[in-house]
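**Student:** In the numbering used here, the protein residues as written are 628 to 874.
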Amino acid sequence: MKSEALHSDPTLDPTSTTEVGTLADRISEAIGKNSIREFAIKIGVSEGTLRNLIKGGEPKLDTAIRIAEEAGVSIRWLATGNGPKYPNRQRDDISQEGIVYVHQDQFNEEYFLIEGYDVVVSTGHGAFNDETGVRRRLPFRKNWLKYRSLKPENLKVVYAKGNSMEPAIHSGDSLLVDISKTTLEDGCIFVLRLGDDLYAKRLQKLFDGGIEILSDNKEYKSQIVSAGELPMLQIIGKVVWMGKNLD
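(1) Roughly how many whole angstroms lie between the Cα atoms of Ser798 and Gly789?
(2) Which of helix, strand or coil does DSSP assign to Pro766?
(3) Just grab the DSSP bridge partners of Val785 for me.
(4) Below 8 Å on the Cβ atoms is my contact criterion, and I expect Met859 with Leu803 to pass it. Report the Cβ-Cβ distance as a whole number of Å.
(5) Hey, how far is the Cα of Gly743 from the Cα of Lys783?
(6) Compare the beta carbon distance of Gly708 and Arg775 with 8 Å and say whether it is the shorter of the two.
(7) Which same chain residues end up closer than 7 Å to Lys682 when comparing Cβ atoms and leaving out the 5 residues on each side of it in sequence?
(8) From Asp689, Glu685 and Leu705, pick the residue whose C-alpha is nearest to that of Glu908; which is it?
(9) In or out: Gly814 buried (at least 16 other Cβ within 10 Å) or exposed?
(10) Using a Cβ distance threshold of 8 Å, determine whether the region 844 to 864 contacts the region 812 to 826, with at least three qualifying pairs required.
(11) For Thr810, tell me which candidate among Leu830, Met792 and Thr649 has the shortest Cα-Cα distance.
(12) Please name the residue or residues paired with Gly743 in a DSSP beta bridge.
(13) Given that a residue counts as buried once 16 or more other Cβ atoms are within 10 Å of its Cβ, and exposed if not, what is Leu773?
(14) Would you kindly report the start and end of the unbroken alpha helix (DSSP H) that includes Asp652?
(15) Jot down the residue ranges of each uninterrupted beta strand (DSSP E) in the region 803 to 828, minimum 3 residues, whole runs only, in chain order.
(16) I need the straight-line Cα distance from Ile663 to Pro686, nearest angstrom please.
(17) Find out if the Cβ-Cβ distance for the pair Val785, Ile816 is shorter than 8 Å.
(18) Short check: CB of Val852 to CB of Gly836, under 8 Å?
(19) In whole angstroms, what separates the C-alpha of Ala854 from that of Arg768?
(20) Quick one: is Leu857 buried, meaning 16 or more other Cβ sit within 10 Å of its Cβ, or exposed?
(21) Indicate the three-state DSSP secondary structure (helix, strand or coil) for Met792 in the structure shown.
(22) Which of the three DSSP states is assigned to Lys669 in this structure?
(23) Apart from the five residues on each side of it in sequence, which residues of its chain come closer than 6 Å, Cβ to Cβ, to Asp800?
See below:
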């Protein structure tokens, strides 16, 4: 399933014009007096990526929400140009221009915000970050989650590091993991813990009861976990979606 970009709904078309301009105009307005380089560092993207968005490029939803969070503006306003620019303002909060600000209920009706944890999942030789606090929240359409039979309470977002799963997964990709799906399915990608390390790998059952851990990058050899070693392996959940960086 491809990553949901902001143009997946006609109302989120980055080229559409509203009374506050295009999406590129609103991104520029959100950056404000910050330098492009400084703002790019704050939201975790390259300066080139941010400059491309200012020129009319198409951001992913997770990038858009990072821009909104850093700038303190409403994601709905940033994406569509509609609704209040600033979130969580009461009806009686009226600016000098006569604009009435309200809560962004319409956005909340359409999206779930899935917690993205500060956990690095290796797609190389193994990496682990035990600071498991929530780093950010990524929006996913409720209709899409329902179509995929995914329950928001079972979903977590983690981040890939390494190149052993290329071309499927690249370093820096966001991985949506369903932690309720821990039953091994041949050929599917799972997040698993082996010792102190977390990995995103394909798994294959073996006839002798063991499991083969497979990398998509053929430069990496597969690993065999024998039946007797299975207690050392914990399947955290199944990767059901991934969001890719374009730079």
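Using N, Cα and C, we set each Cβ at its ideal position, and we do this for glycine too.
**Tutor:** Reading off the structure:
(1) Walking along the sequence shown from the start, residue 798 turns up at place 171. Walking along the sequence shown from the start, residue 789 turns up at place 162. Rounded to whole angstroms, Ser798 to Gly789 spans 5 Å at the Cα level.
(2) Mapped onto the sequence shown, residue 766 falls at position 139. Of the three classes helix, strand and coil, the one that applies to Pro766 here is strand, per DSSP.
(3) Here residue 785 is taken as the residue at index 158 of the sequence shown, counted from 1. Bridge partners of Val785: Leu802.
(4) Translated into the one-based positions of the sequence shown, residue 859 becomes position 232. Translated into the one-based positions of the sequence shown, residue 803 becomes position 176. With a Cβ gap of about 26 Å, Met859 and Leu803 do not count as contacting.
(5) Stepping through the sequence shown from its first residue, residue 743 is reached at position 116. Stepping through the sequence shown from its first residue, residue 783 is reached at position 156. About 6 Å.
(6) Here residue 708 refers to the residue found at position 81 when the sequence shown is read from its first residue. Here residue 775 refers to the residue found at position 148 when the sequence shown is read from its first residue. Result no, Cβ atoms of Gly708 and Arg775 do not sit closer than 8 Å.
(7) Translated into the one-based positions of the sequence shown, residue 682 becomes position 55. Once the five neighbours on either side are set aside, the close Cβ partners of Lys682 are Ala651.
(8) Residue 908 cannot be examined here, being either before or after the span of the chain that is shown, 628 to 874.
(9) By 1-based counting over the sequence shown, the position of residue 814 is 187. With fewer than 16 other Cβ atoms within 10 Å, it is exposed.
(10) yes
(11) Taking the sequence shown and counting its residues from 1, one reaches residue 810 at position 183. Considering only alpha carbons, the answer is Leu830.
(12) Indexing the sequence shown from 1 puts residue 743 at position 116. Note: Gly743 sits in a beta bridge opposite Arg763 and Val784.
(13) Numbered from its first residue, the sequence shown carries residue 773 at position 146. Residue identity check: residue 773 is Lys in the sequence provided, not Leu. With fewer than 16 other Cβ atoms within 10 Å, it is exposed.
(14) Position 25 of the sequence shown, counting from 1, holds the residue named residue 652. Here the alpha helix (DSSP H) through Asp652 covers Leu650 to Ile658.
(15) 816 to 821
(16) Taking the sequence shown and counting its residues from 1, the one referred to as residue 663 is at position 36. Taking the sequence shown and counting its residues from 1, the one referred to as residue 686 is at position 59. Looking at the two C-alpha atoms, the distance is approximately 15 Å.
(17) If you number the sequence shown from 1, residue 785 lands on position 158. If you number the sequence shown from 1, residue 816 lands on position 189. Their beta carbons are not under 8 Å apart, which means Val785 does not touch Ile816 by this criterion.
(18) Here residue 852 corresponds to residue number 225 of the sequence shown, with the count starting at 1. Here residue 836 corresponds to residue number 209 of the sequence shown, with the count starting at 1. Cβ distance not < 8 Å, so Val852 and Gly836 don't count as in contact.
(19) Taking the first residue of the sequence shown as 1, we reach residue 854 at position 227. Taking the first residue of the sequence shown as 1, we reach residue 768 at position 141. Distance between the alpha carbons of Ala854 and Arg768: 40 Å.
(20) The residue labelled residue 857 in the question sits at position 230 within the sequence shown. Its Cβ having fewer than 16 others within 10 Å, Leu857 is exposed.
(21) Within the sequence shown, the letter at position 165 stands for residue 792. Residue state, collapsed to three classes: coil.
(22) In the sequence shown, counting from the first residue as 1, residue 669 sits at position 42. Lys669 falls in the helix class under three-state DSSP.
(23) Counted from its first residue, the sequence shown places residue 800 at position 173. Ala787, Met869 and Lys871, listed in sequence order.
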